[in-house]
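Before any comments, here is the structure.
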Amino acid sequence: MMKDGLWDVYNDCGMGVCAELCAEQHGFSREDQDNFAIQSYERAISAQESGAFKWEIVPVEVPGAKGKPPVIVEKDEGIDKLDAAKLRKLRPAFKEGGTVTAGNASSISDGAAALVLVSGAKALQLGLHVIGRLIGAGDAAQNPELFTTSPALAIPKALERAGIEPSVVDCYEVNEAFAVVALANQKILGLKSEKVNIHGGAVSLGHPLGCSGARIIVTLLGALRQRKGKYGVAGVCNGGGGASAVVVELL
């Protein structure tokens, strides 16, 4: 996992070192990142308690320990780990005197997400209940160590291809690989906090490698349903300095 998902092979350093660089370049303090992380947990807790996640979560039966019955997993387990006071006291994880910690970075977790993507014609042919429509997509890349802000390059491309203005977007999902990733992209794009990751993000919910792209789209559709919105944007870093973004319309 460390080699395949958490290491920048081009610069031979952990991804957290790149997050430290992002914090320095865009002026985010340890306090800024901790505050965002705590907000992520608080939003996720609120969403879980209100039942907002029930629409998007499928209960999964997991084999129990030897001699014990299977366990039904039907909620995200990382949300319960918040201890705000402890989070603020954690040591920097990637750099002496740094600002990125285990608390303001996404948690390592197991998870799965699934989507069905078909053409409009095929959906009609099969009589499918269509949840949303993909109306734009974009990819962008820069130097590997700058991957943290690549979503800010991909999102405008996706919006342009969708033919809609940022002002009509109701909700954004920017994957929280680190708190500073969401903070930096939010700052660069001039996004309002109340529109970004309204149900929390990877810092609180977890970041199962290879799953998060699909997960944030499902969460985005759920957020649009909750807010009775129409348009949503999801952006995620995808390695090697790149990022992908999509624009969806809730139907």
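Each residue of the sequence shown is one higher than the last, beginning at 1 in the working numbering. From the three backbone atoms N, C-alpha and C, an ideal C-beta is built for every residue, glycine too. Every value quoted in this text rests on a predicted model; they were computed, and no experiment measured them.
Taking the Cα positions, ALA243 is about 42 Å away from LYS66. DSSP lists GLY132 as the bridge partner or partners of LEU250. Per the coordinates, the alpha-carbon of LYS230 lies some 14 Å from the alpha-carbon of VAL246. GLY213 carries a helical assignment under DSSP once its states are collapsed to helix, strand and coil.
CA-to-CA, the gap between GLN25 and TYR10 works out to about 20 Å. Three or more Cβ pairs closer than 8 Å define a contact, and the region 168-183 falls short of that threshold against the region 43-56. Under the DSSP definition of a beta bridge, ASP139 partners with SER244. A straight-line Cα-Cα distance of about 12 Å links PRO208 and ASP76.
The closest CA to that of ILE72, considering only LYS81, VAL62, ASP32, is found on VAL62. Pairwise C-beta distances place the region 78-85 out of contact with the region 179-196, as fewer than three of them are shorter than 8 Å.
The Cβ-Cβ distance between GLY103 and GLU20 does not fall below 8 Å.
Between ALA137 and VAL218, the gap from beta carbon to beta carbon reaches 8 Å or more.
A distance of 8 Å or more separates the beta carbons of ILE198 and ALA152.
When DSSP states are grouped into helix, strand and coil, ILE188 belongs to the helix group. Of THR101, GLY132, ARG227, the smallest CA-CA separation from GLU31 is found for THR101. Looking at the DSSP output, PHE178 bridges to ALA105.
Taking 3 residues as the shortest admissible run, the region 26-92 contains the following complete beta strand (DSSP E) segments, listed from N- to C-terminal end: 60-62, 71-73. Here ALA202 has SER106, ASN175, GLU176, ALA177, SER212 as same chain residues with Cβ atoms under 7 Å from its own Cβ, once five neighbours each way along the sequence are excluded. Put simply, the backbone Cα of ILE155 is about 20 Å away from that of GLY222. Cβ-Cβ distances below 8 Å link LEU115 to ALA214, ILE217, VAL218 in the same chain, with the five nearest sequence neighbours on each side left out; the list follows chain order.
Going by beta carbons, CYS171 and ARG227 fall inside the 8 Å limit.
The residue among ASN185, LEU205, GLN33 with its C-alpha nearest the C-alpha of ILE45 is LEU205.
Short of 7 Å from the beta carbon of CYS18, and not among the five residues preceding or following it, lie these beta carbons of its own chain, in chain order: ASP8, GLU145, PHE147, THR148. With a 10 Å radius around the Cβ and a threshold of 16 neighbouring Cβ atoms, LEU251 comes out exposed. Nearest Cα to ALA23 within the set PHE94, TRP55, PRO69: PHE94.
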